[in-house]
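To start, the structure itself, in C-alpha cells.
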C-alpha cells in the first residue's frame, strides 16, 4: 500500500536567515551582488529553499521591506499615547532611531532597494501614519501652530532619517548623532510653534519613560 507523504514544512528559522542575509548583501554590496546561489550558500541551504519560502527573488525583496517595516511598526506601536503629545513625537523618533541602529541591514535595504513594484510602494505607510497622528495631536493641543500635519511629520522624518543614514554610513558617530538629533528636533518643534522650554521638558519627560536608545558602539 502506498503511503502519502506531506510536503516538508517550511522552517521559519531558514526563512528569517534568508531575509537577514539577503538584506546584509543588499545593504553592504548592493542589489547586483544578490544571487540565488550566493544567498543559498551563505545560509547553508538550497536554492529551492528560496522558492519554498518566497516563490522567487522578487518576492524575497518584497518581504525584506515588509519585515523591516513590521519591526519598525512594532517599535512604534509600543510607544504609549500620553497627555504630552510632543513627548510622544520624540518617543516615536527614538523608536525609529532605535529600530534603525539595531537592524541596520534591513533598514538600509528597505530604502536602498526601494519598492519592488507599484503594489509594494505603500509598504510602511502605516508607520508614517503614526507620526502624522502624533503631530496632529500636538496641533490639537495648541503646542504646534495650525498646519498640515503631513508636512510637519515629513520634516521630522527627514531629520531622523538623515541622521540615521549618516550614522549607518559611519560619517557621523553615534555620540554626535544623538545630540544633533535632539537639537534638530528642538529647533523644528520650536519652529512649529512650541515654546523652547516646553519642548525641552517634553523631551526630558519622554526620556524619563524610556524613550532614549542606548548609544551603539
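Residue numbers (the working numbering): 115 to 331. The C-beta atom is built at its ideal place from N, Cα and C for all residues, glycine as well. Source: prediction; values computed, not measured.
- With contacts defined as CB atoms closer than 9 Å, residue 282 and residue 218 qualify as a contacting pair.
- When only Cα atoms are considered, residue 156 and residue 269 end up about 39 Å apart.
- Taking all protein chains shown into account, residue 322 has fewer than 16 neighbouring C-beta atoms within 10 Å of its C-beta and is therefore exposed.
- Taken atom to atom, the span from the alpha-carbon of residue 244 to that of residue 147 is near 35 Å.
- Taking the C-beta atoms as reference points, residue 189 is found no nearer than 9 Å to residue 163.
- One thing to note: residue 215 has its Cβ no nearer than 9 Å to the Cβ of residue 296.
- DSSP places residue 207 in the uninterrupted alpha helix (DSSP H) bounded by 199 to 216.
- Here residue 138 has 219 as same chain residues with Cβ atoms under 6 Å from its own Cβ, once five neighbours each way along the sequence are excluded.
- Residue 220 carries a helical assignment under DSSP once its states are collapsed to helix, strand and coil.
- Residue 238 is positioned such that its CB atom lies closer than 9 Å to that of residue 187.
- The residue among 293, 224, 200 with its C-alpha nearest the C-alpha of residue 174 is 224.
- Counting the other CB atoms within 10 Å of its CB gives residue 207 a total of 16 or more, which places it among the buried residues.
- Here the alpha carbons of residue 311 and residue 318 stand approximately 11 Å from one another.
- For residue 286, there is no enclosing alpha helix (DSSP H), as DSSP gives it neither H nor E.
- If you look at residue 182, you'll find it in the alpha helix (DSSP H) that goes 171 to 191.
- The DSSP-derived three-state label of residue 126 is helix.
- Annotated three-state conformation of residue 314 is helix, per DSSP.
- Within its own chain, the residues whose Cβ lies closer than 6 Å to the Cβ of residue 234, once the five positions on either side in sequence are excluded, are 176, listed in chain order.
- Look at the beta carbons and you see the stretch 191 to 204 touching the stretch 251 to 264: at least three pairs across the two are nearer than 8 Å.
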